[in-house]
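In terms of the numbering used here, the sequence shown is numbered consecutively and its last residue is 489.
Positions of the beta carbon are idealized from the N, C-alpha and C atoms, including for glycine.
Following: one structure in structure tokens, then a few remarks.
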Amino acid sequence: MVIYRVKNNMDSESLEGDIGASTLDHDYIPNLLKFRDNEISSIAKNFRSLFTKNNLSTIIIILGGPGYGKTSLVRFTVRRILEIAEKRNITLFGSYHNCWANRSASAILSRVIEELIGSSIKTKGISSEELITILRSFLIEENAHIILVLDDVNALTNEDLNTFFILQEDNRYESRISLILISRPTEWNILASTLNSRINEILTLYPYTASETFEIIKYRGKMAFKGEFIESGVYDIVAEIAYESHNMRMGIELLTRAGEYASATDQMITSEIIRKIKSKVYPELRAEVLESLHQHELLTLIGIARRLTNKGFIHTTIVDGYRYYKMATEEWGENPKGESSFRGYLKTLRDLGIINIVVSATGRKKRGVRARISMNDIPASIVIERVNEQLLLIESM
Ligand SMILES: Nc1ncnc2c1ncn2[C@@H]1O[C@H](COP(=O)(O)OP(=O)(O)OP(=O)(O)O)[C@@H](O)[C@H]1O
Ligand SMILES: [Mg+2]
Numbered sequence: 093m094v095i096y097r098v099k100n101n102m103d104s105e106s107l108e109g110d111i112g113a114s115t116l117d118h119d120y121i122p123n124l125l126k127f128r129d130n131e132i133s134s135i136a137k138n139f140r141s142l143f144t145k146n147n148l149s150t151i152i153i154i155l156g157g158p159g160y161g162k163t164s165l166v167r168f169t170v171r172r173i174l175e176i177a178e179k180r181n182i183t184l185f186g187s188y189h190n191c192w193a194n195r196s197a198s199a200i201l202s203r204v205i206e207e208l209i210g211s212s213i214k215t216k217g218i219s220s221e222e223l224i225t226i227l228r229s230f231l232i233e234e235n236a237h238i239i240l241v242l243d244d245v246n247a248l249t250n251e252d253l254n255t256f257f258i259l260q261e262d263n264r265y266e267s268r269i270s271l272i273l274i275s276r277p278t279e280w281n282i283l284a285s286t287l288n289s290r291i292n293e294i295l296t297l298y299p300y301t302a303s304e305t306f307e308i309i310k311y312r313g314k315m316a317f318k319g320e321f322i323e324s325g326v327y328d329i330v331a332e333i334a335y336e337s338h339n340m341r342m343g344i345e346l347l348t349r350a351g352e353y354a355s356a357t358d359q360m361i362t363s364e365i366i367r368k369i370k371s372k373v374y375p376e377l378r379a380e381v382l383e384s385l386h387q388h389e390l391l392t393l394i395g396i397a398r399r400l401t402n403k404g405f406i407h408t409t410i411v412d413g414y415r416y417y418k419m420a421t422e423e424w425g426e427n428p429k430g431e432s433s434f435r436g437y438l439k440t441l442r443d444l445g446i447i448n449i450v451v452s453a454t455g456r457k458k459r460g461v462r463a464r465i466s467m468n469d470i471p472a473s474i475v476i477e478r479v480n481e482q483l484l485l486i487e488s489m
């Protein structure tokens, strides 16, 4: 993590001239964010008042489809704003949170306080209101401001989201807290489009064009594989696939897995490798989201996925899914949670778009409804592979 004089958790270390496969990691922010100059300026101008006497705070939201570059745009821009603040001796903090990792206002506020003030402050069991008071007093004392980034904000309930709005609005002309929210548009519309009127700017991103996609892929590939031999045409085919899906994550993941495959099999990266691994790349299984899932959510997912690898099972039921979840817990030496917790895990996986739950009325004799659970476009075998990797990681910690 870069330690600026102004504290922030905005990025993994990113230095001029970075090279190597780690530059393809999901939390790596490149030094150059191509083709987003207008969007960077649009975001930055909302924070101009931080550098004048007015100290106005703001709320903005960045909307855009999967892999349009929302997260990288915001982290990149906030990093730049923090650098300017540092040069001008303004105490500005930046704090980035993926709301899937911390799914309530109090969990996020606790993390912010721990980052800013240190673990000497006890945050466990303290209400959001009290946490807000602690944060506010700290900012006043330090004559500081904070830009709080809430990514995948749809993971919060409306009530939790409101806590942040109140936090920002209260004492508006002296407010020291600005918010940048990030969401995919559909999710935002479901959650809180009613809150749009309280937002200062709504910035909608559009997917990269074909030529922009190619330039970005070439730039990221050259940085990751500098000095390595790459068959000509590789970047064209990766860019083509990424453009078709309108998801830059698809392209970056293809490069990552192609690099891994090539070094494991001791060959150079070729178009043939790209074609071969294409079917293994599922950008919807986002690394940062898998990392944020709790152990029992992962065990639920692996249980459902295992059930669906059985021949003839396109979907499963809650009862069956629960049975497979229990088997998974046994295998990993964990005690299974009750059925109502299991239903909660299913809901999270559904909200993340990994599984589908369709509720239909049962036959006339058995009254009630039945939920049918299926996997969303991702082969169960791939899910099992990735979730296993994540569970092993948790076990080794
Ligand atoms: N302009 C760009 N220049 C270089 N790399 C980029 C650019 N835009 C996006 N990327 C890369 O593409 C990948 C996807 O971008 P990002 O994670 O920001 O998308 P997102 O909109 O947040 O997606 P999601 O909705 O799935 O979270 C990242 O690895 C990011 O570094
Ligand atoms: Mg994102």
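Any non-hydrogen atom of ligand 2 closer than 6 Å to residue i Cβ
i: Lys403; result: no
Residue i vs residue j beta-carbon contact at 7 Å
i: Ser466; j: His407; result: yes
i: Phe127; j: Glu389; result: no
i: Ala331; j: Ile361; result: no
i: Ala302; j: Leu253; result: no
i: Thr183; j: Ala136; result: no
i: Val166; j: Ile154; result: yes
i: Ser270; j: Thr163; result: no
i: Tyr327; j: Gly313; result: yes
i: Ile476; j: Tyr374; result: no
i: Gly325; j: Ser363; result: yes
i: Ile152; j: Ile272; result: yes
i: Val479; j: Ile394; result: yes
i: Asn138; j: Glu293; result: yes
i: Phe257; j: Arg290; result: yes
Heavy atom of ligand 1 within 6 Å of residue i beta-carbon
i: Thr163; result: yes
i: Tyr160; result: yes
i: Ile238; result: no
i: Met340; result: yes
i: Lys126; result: yes
i: Pro428; result: no
i: Pro277; result: no
i: Pro299; result: no
i: Ile410; result: no
i: Pro471; result: no
i: Ile344; result: yes
i: Ile308; result: yes
Inter-residue CB distance, residue i and residue j (contact presumed, cutoff 8 Å)
i: Leu240; j: Val204; result: 7 Å
i: Gly161; j: Met340; result: 6 Å
i: Ser134; j: Leu295; result: 6 Å
i: Arg464; j: Thr409; result: 7 Å
i: His62; j: Ala379; result: The structure shown has nothing for residue 62, since the chain only spans 93 to 489.
i: Phe230; j: Leu208; result: 6 Å
i: Ile232; j: Ile213; result: Actually they do not touch by this definition, with Cβ atoms about 16 Å apart.
i: Gly156; j: Leu297; result: 3 Å
Sequence-distant residues of its chain with Cβ nearer than 8 Å to residue i (five each side left out)
i: Asn468; result: Glu376, Gly445, Ile446, Ile447 and Asn448
i: Glu234; result: Thr183
i: Cys191; result: Ile200, Leu242, Asp243, Asp244, Val245, Asn246, Ala247 and Leu248
i: Ile333; result: Met342, Gly343, Leu346, Ile366 and Lys370
i: Phe405; result: Arg399
i: Ile132; result: Leu125, Leu165, Phe168, Thr169 and Arg172
i: Thr115; result: Pro122, Arg312, Met315 and Ala316
i: Ile474; result: Lys372, Tyr374 and Leu377
i: Tyr96; result: Because the pLDDT at Tyr96 is just 31, under 50, the model does not fix this residue reliably, and the point stays unresolved.
Residues of its chain near residue i, where Cβ-Cβ distance is below 7 Å and the 5 sequence neighbours each way are ignored
i: Leu391; result: Tyr417, Ala420, Thr421, Trp424 and Glu426
i: Tyr300; result: Phe127, Ile308 and Met340
i: Leu223; result: Ser198, Leu201, Ser202, Ile205 and Thr215
i: Ser488; result: none
i: Thr440; result: Glu389
i: His189; result: Ile200, Arg203, Val241, Leu242 and Asp243
i: Glu108; result: Residue confidence is low: Glu108 scores 48 on pLDDT, short of 50, so the model does not pin down where it sits. No coordinate-derived value is stated.
Own chain residues within Cβ distance below 6 Å of residue i, not counting five before or after
i: Lys99; result: With a pLDDT of 42 at Lys99, under the threshold of 50, the modelled position of this residue cannot be trusted, and the question is left open.
i: Gly436; result: none
i: Lys318; result: Ile111
i: Thr348; result: Leu116
i: Phe306; result: Ala331
**Request:** May I have a chain-ordered list of the alpha helix (DSSP H) segments no shorter than 4 residues that lie completely inside the stretch 112-138?
**Result:** As far as the stretch 112-138 is concerned, its whole alpha helix (DSSP H) runs of at least 4 residues are 129-137.
**Item:** beta strand (DSSP E) runs wholly inside the stretch 269-348, at least 3 long, in chain order
**Value:** Under the rule that a run must span 3 or more residues, the beta strand (DSSP E) segments found entirely inside the stretch 269-348 read 269-275 and 293-296.
**Asked** Could you give the uninterrupted runs of the beta strand (DSSP E) lying entirely in the stretch 372-447, keeping only those of 3 residues or more?
**Response** Inside the stretch 372-447, DSSP marks no whole beta strand (DSSP E) run of 3 or more residues.
**Item:** Runs of beta strand (DSSP E) wholly within the stretch 198-268 (minimum 3 residues, chain order)
**Value:** Taking only runs of at least 3 residues, the beta strand (DSSP E) segments lying wholly in the stretch 198-268 are 237-243.
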